[in-house]
Amino acid sequence: MSLFWRIFLLNAAVLVAAVLLLLGPVTVSTPVLLVEALVIGVGLVVMLVANAVLLRIGLAPLARLTRAMTSADLLRPGSRAAVAGPGEMAELITTYNTMLERLEAERARSSALALSAQEAERQRIAQELHDEVGQTLTAVLLHLKRTADQVPEPLREELHQVQETTRGGLDEIRRIARRLRPGVLEELGLHSALRALAAEFTAPGLTVRHHIAPGLPELDDKRELVVYRVAQESLTNTARHAGARVVDLRLEPGPGGAVDLVVGDDGRGIGGAPEGSGIQGMRERALLIDAGLTLGPSADGGTEVRLRVPATEGKTV
């Protein structure tokens, strides 16, 4: 029975009952007596309450569906509305759940393509920085050195300063290229890449401590890249926004053979601040490998990012 006919028949039943009462034991005098007015008033209240209760029961599945639609987030997949109610109500909820599954699958595919294109573009830019800009600055340094050896003494000190500035720019370009394309990840693996990442972010006022547990399940290249990028983004957010003094980066075993990446700091925490593009990017990367990403307060009062990666079958390292 459709929702329209259910509501219509419920209201009709209440009205028919009221008419039968008026035609039967309930009568109205002219003028209306106080007792009759009380009976009619009570009857009206009973009809309204009965109608409200019946409509509330009948429309409850729609209210639950509305709450599920409001709270749906494609970056946190898996949430579904409970299928309840008769007839087209259950069919509507089932259709919504099916649509949500399709949207999550399409978003996962589009995110995978976008992130793959992003990684390819990062590698291209890093290669050009290394091959073009890096080599050009190296040639400039060599030319400055030859020139400094031939110029008079008063100009030699200025050329040395230019050399140091150029050398600093070259080091910065190399650092940017390493962040764009983590060569140490490709050459030495995840563990060495995370140690190098921790050392890179350690600076005056910020200490990054790392601990990598032995005997962890081996991850494939795709999972290793996601773990590295999440760690990199977490450390970047901490250095920029947290005001932290100490950051702990851990790679440790999780339940069911999973691997947990944990980045916790002693900064000011995220509080009620909305998630920015960096955190959303981490969630999208986590979805690519069916990993779980959670953010919450750390034991030191700051922020803790936890990435739980389901391990691929293979040996431990």
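Following numbering that gives the first Met the number 0, the numbering of the sequence shown begins with 0 at its first residue and continues without gaps. For glycine and all other residues, C-beta sits at the position ideal for the given N, C-alpha and C.
*For GLN126, is the classification buried or exposed, using 16 other Cβ atoms within 10 angstroms of its Cβ as the cut-off for buried?*
exposed
*Among all the DSSP beta bridges, which residues are the ones paired with ASP264?*
Answer by DSSP bridge pairing, in chain order: VAL246.
*Quick one: residues in its chain with C-beta nearer than 8 Å to the C-beta of VAL221, no 5 flanking neighbours on either side, listed in chain order?*
Checking the sequence shown, residue 221 turns out to be Lys, not Val. Hits under 8 Å: LEU287, ILE288.
*By the 10 Å Cβ neighbour count, where 16 or more other Cβ atoms means buried, how is ARG180 classified, buried or exposed?*
buried
*Locate the alpha helix (DSSP H) running through ARG178, then write down its first and last residues.*
152 to 179
_Three-pair Cβ contact test at 8 Å for the stretch 260 to 272 versus the stretch 302 to 310_ = yes
_Assuming contact is defined by CB atoms lying nearer than 8 Å, are ARG61 and TYR95 in contact in what I supplied?_
The sequence shown places Leu at residue 61, rather than the Arg named in the question. No; because the gap between Cβ atoms is not below 8 Å, this pair is not in contact.
_Taking the alpha carbon of LEU292 as the reference point, which residue from GLY242, GLU152, SER233, ARG244 has its own alpha carbon closest?_
SER233
*Have a look at PHE200, LEU14, LEU193, PRO30 and flag the residue whose alpha-carbon is nearest the alpha-carbon of GLY319.*
The structure shown does not extend to residue 319, since the chain spans only 0 to 316, so no value can be given for it.
*Please say whether ARG249 and ARG190 have beta carbons closer to each other than 8 Å?*
Residue 190 is actually His in this sequence, not Arg. Not a contact, by the Cβ cut-off of 8 Å.
*asked:* Quick check: the Cα distance between TRP4 and ILE39, rounded to an integer number of angstroms?
replied: 27 Å
*asked:* According to DSSP, simplified to helix, strand and coil, what is VAL82?
replied: coil
*asked:* Helix, strand or coil, according to DSSP, for GLU199 in the structure here?
replied: helix
*asked:* Beta-carbon within less than 6 Å of LEU169's beta-carbon, same chain only, minus the 5 sequence neighbours each way: which residues are those?
replied: LEU136
*Decide if THR315 is buried, meaning its Cβ has at least 16 other Cβ atoms within 10 Å, or exposed.*
Only weak support is given to the placement of THR315: the predicted model assigns it a pLDDT of 47, under 50, and the value that follows is read from those uncertain coordinates. The residue in question, THR315, is exposed, as its Cβ has fewer than 16 Cβ neighbours within 10 Å.
_Beta bridge counterpart(s) of VAL258 as assigned by DSSP_ = PRO252, VAL308
_On the DSSP letters alone, give me the boundaries of the beta strand (DSSP E) that GLY291 sits inside._
291 to 296
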